[in-house]
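Protein chains in written order, with this note's numbering: chain L, 45 to 363; chain H, 5 to 197.
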């Protein structure tokens with residue numbers, strides 16, 4: 045009973061909406077940017093059009109979009125427009141909950157029509173947006189917040205923290221799941237940790253011609269080993285957060301982790317991991333979509349301090 | 005407080021469902037490898053766990069299917085040394101030589117490179133590491149073949165295929181000359197007036 049009470053209390057906490065608002069903006073920008081890139085390459089009428097004119101081989105009558113609008117290039121373009129409008133509305137926080145639901149539904153339809161183009165990051169962004177739709181991420185830096193202030197019904201200063209906790213758990217699970225699903229020997233000592241060297245040498249994904257890769261050995265092998273440690277060690281992040289929240293309690297490991305800021309080392313590794321991917325591999329929005337969730341790794345008080353620091357530098361006279 | 009308890013219960017349910025969905029049980033195409041590596045008793049145990057898992061997840065399956073959601077993640081797990089290099093070639097007649105129009109990571113042959121290398125399009129032509137060409141490969145070949153024929157009226161045939169490459173033990177790669185997954189797109193014959 046005590047454990048249940050603690051569980052209920054954990055998910056009933058409140059905090060400023062800063063982290064959730066940042067995630068909303070970053071996730072929205074990733075989805076919007078990705079759809080705009082499709083238009084830039086002139087692919088809107090290709091990706092979601094049924095064969096032989098396009099790549100949308102999943103456009104069957106089982107999909108509501110096909111039942112309603114038919115399997116055609118026009119349906120693909122309509123879904124693209126709705127996707128652009130909903131992700132833009134989500135980013136600026138205009139009718140956030142409706143925008144988020146529409147965005148998730150459209151993203152799923154686009155993924156079902158062209159399944160080959162729907163990658164893991166699209167699934168992850170749908171999960172993030174789904175959780176954000178249930179949150180008060182529009183309580184800050186949003187048009188919804190401005191409208192509510194003008195109507196005399198502003199959002200409360202503190203909003204439910206559970207969506208941030210859930211997104212935090214989601215991020216931890218994505219890394220841990222990725223770690224234990226990497227069964228290929230190249231990720232392990234028996235494959236000489238060659239995975240990242242192989243990925244950077246794969247012409248389908250490499251950003252640069254890969255002649256340089258053998259010259260920097262063993263750096264790719266070290267990076268592979270660190271990646272595995274990072275991913276498989278992700279659940280320890282929950283422990284590190286708990287250590288920081290209970291810093292006054294005794295314990296040498298707790299004291300050591302807090303003193304050496306191990307949580308910050310893990311976050312820095314994650315940022316380096318994704319920036320490295322963005323530099324060396326062409327994986328589209330994958331690194332940015334994952335980094336979009338990183339604000340949830342910061343405590344509310346850390347974000348308050350960070351915001352004060354930024355405001356002081358941007359508006360020195362006001363502060 | 006009552007609502008807080010209901011919410012905490014729903015969150016617990018969501019976490020349990022997510023963890024069940026994300027259990028690292030081998031997928032159908034991984035089963036043969038699992039059967040080679042594990043004892044028959046272990047294989048039976050894994051199958052039984054998977055059966056129970058699927059039964060428990062059954063009520064939530066429509067949500068996962070409609071929104072294309074899952075909780076099993078693989079961030080670029082395929083990192084074997086056996087890879088491919090997609091290329092597009094075209095020729096001006098049945099006896100003419102094939103000319104390279106596009107090859108991945110080749111600045112001199114970069115027809116529509118930006119669009120072809122965009123992640124959603126690449127998802128159609130990049131083969132699965134063990135299962136080979138994906139469902140979108142043939143529609144992709146038909147579409148891109150037609151684009152080449154539209155852009156270069158002199159060409160009559162376009163060939164899309166992959167050269168098998170071998171990545172070196174410490175990176176870099178060399179071509180093997182072995183061509184896989186060829187698809188040829190022809191210009192439709194014009195009827196005489």
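Where is the CB? At the ideal position from N, CA and C, for every residue including glycine.
Quick caveat: nothing in here was measured; it's all calculated off a predicted structure.
For residue j and residue i, the rounded distance between their alpha carbons
i, j, result
"residue 160(L)", "residue 127(H)", "5 Å"
"residue 182(H)", "residue 12(H)", "57 Å"
"residue 234(L)", "residue 51(H)", "28 Å"
"residue 202(L)", "residue 181(L)", "11 Å"
"residue 87(H)", "residue 168(H)", "6 Å"
"residue 272(L)", "residue 97(L)", "42 Å"
"residue 154(H)", "residue 64(L)", "48 Å"
"residue 82(L)", "residue 88(L)", "6 Å"
"residue 276(L)", "residue 219(L)", "7 Å"
"residue 178(L)", "residue 35(H)", "38 Å"
"residue 132(L)", "residue 172(L)", "16 Å"
"residue 47(H)", "residue 62(L)", "48 Å"
"residue 67(H)", "residue 357(L)", "46 Å"
"residue 187(L)", "residue 136(L)", "6 Å"
"residue 186(H)", "residue 70(H)", "34 Å"
"residue 23(H)", "residue 315(L)", "25 Å"
"residue 146(H)", "residue 99(H)", "22 Å"
"residue 101(L)", "residue 156(L)", "9 Å"
"residue 120(H)", "residue 151(H)", "11 Å"
"residue 115(H)", "residue 72(L)", "32 Å"
"residue 8(H)", "residue 49(L)", "10 Å"
"residue 106(L)", "residue 122(L)", "18 Å"
"residue 118(L)", "residue 92(L)", "9 Å"
"residue 104(L)", "residue 114(L)", "9 Å"
"residue 313(L)", "residue 320(L)", "10 Å"
"residue 37(H)", "residue 264(L)", "28 Å"
"residue 353(L)", "residue 293(L)", "30 Å"
"residue 140(L)", "residue 54(L)", "25 Å"
For residue i: DSSP bridge partner residues
i, result
"residue 360(L)", "Per DSSP, none; premise fails for residue 360(L)."
"residue 168(H)", "88(H)"
"residue 106(H)", "92(H) and 114(H)"
"residue 189(H)", "162(H)"
"residue 250(L)", "325(L)"
"residue 148(H)", "Paired residues: none, contrary to the question."
"residue 204(L)", "58(L)"
"residue 177(H)", "171(H)"
"residue 183(H)", "167(H)"
"residue 136(H)", "132(H)"
Candidates the options: closest to residue i by CA position
i, options, result
"residue 306(L)", "280(L), 316(L), 331(L) and 325(L)", "280(L)"
"residue 138(L)", "114(L), 350(L) and 185(L)", "185(L)"
"residue 95(L)", "100(H), 139(H) and 185(H)", "139(H)"
"residue 253(L)", "24(H), 83(H) and 111(H)", "111(H)"
"residue 113(H)", "148(H), 93(H), 10(H) and 129(H)", "93(H)"
"residue 191(H)", "172(H), 28(H), 157(H) and 29(H)", "157(H)"
"residue 10(H)", "46(L), 45(L), 156(L) and 56(L)", "56(L)"
"residue 109(L)", "151(L), 197(L), 288(L) and 73(L)", "151(L)"
"residue 348(L)", "59(L), 198(L), 54(L) and 52(L)", "59(L)"
"residue 26(H)", "217(L), 255(L) and 51(L)", "217(L)"
"residue 83(H)", "290(L), 334(L), 260(L) and 225(L)", "225(L)"
"residue 284(L)", "113(L), 265(L) and 311(L)", "311(L)"
"residue 143(L)", "114(L), 119(L) and 175(L)", "175(L)"
"residue 261(L)", "238(L), 47(L), 197(L) and 274(L)", "238(L)"
"residue 166(H)", "159(H), 173(H) and 188(H)", "188(H)"
"residue 105(H)", "164(H), 31(H) and 32(H)", "164(H)"
"residue 177(H)", "221(L), 222(L) and 256(L)", "256(L)"
"residue 199(H)", "143(H), 43(H) and 39(H)", "Chain H is shown from 5 up to 197; residue 199(H) falls before or after that span and cannot be answered."
"residue 103(H)", "18(H), 16(H) and 161(H)", "161(H)"
"residue 229(L)", "193(L), 200(L), 263(L) and 268(L)", "268(L)"
"residue 112(L)", "141(L), 153(L) and 215(L)", "153(L)"
"residue 333(L)", "215(L), 130(L) and 242(L)", "215(L)"
"residue 204(L)", "213(L), 183(L), 198(L) and 190(L)", "183(L)"
Contact belief for residue i with residue j at Cβ below 8 Å, rounded distance in angstroms
i, j, result
"residue 258(L)", "residue 175(H)", "5 Å"
"residue 147(L)", "residue 195(L)", "That belief does not hold up - the Cβ atoms of residue 147(L) and residue 195(L) are roughly 25 Å apart, past 8 Å."
"residue 21(H)", "residue 61(H)", "7 Å"
"residue 324(L)", "residue 251(L)", "6 Å"
"residue 246(L)", "residue 171(H)", "7 Å"
"residue 99(L)", "residue 90(L)", "6 Å"
"residue 108(H)", "residue 85(H)", "About 17 Å separates the two Cβ atoms, so there is no contact after all."
"residue 159(H)", "residue 91(H)", "Residue 159(H) to residue 91(H), Cβ: 15 Å. No contact."
heavy atom of the ligand GTP below 7 Å from residue i C-beta
i, result
"residue 335(L)", "You won't find the ligand GTP in this model; it holds no ligand whatsoever."
Any contact between the stretch 69 to 82 of chain H and the stretch 155 to 175 of chain L? By contact I mean 3 or more CB pairs, one from each, below 8 Å.
yes
Below 8 Å, can you find three or more Cβ-Cβ pairs linking the stretch 202 to 212 of chain L to the stretch 339 to 354 of chain L?
yes
Three CB pairs or more closer than 8 Å across the stretch 123 to 132 of chain L and the stretch 140 to 154 of chain L:
yes
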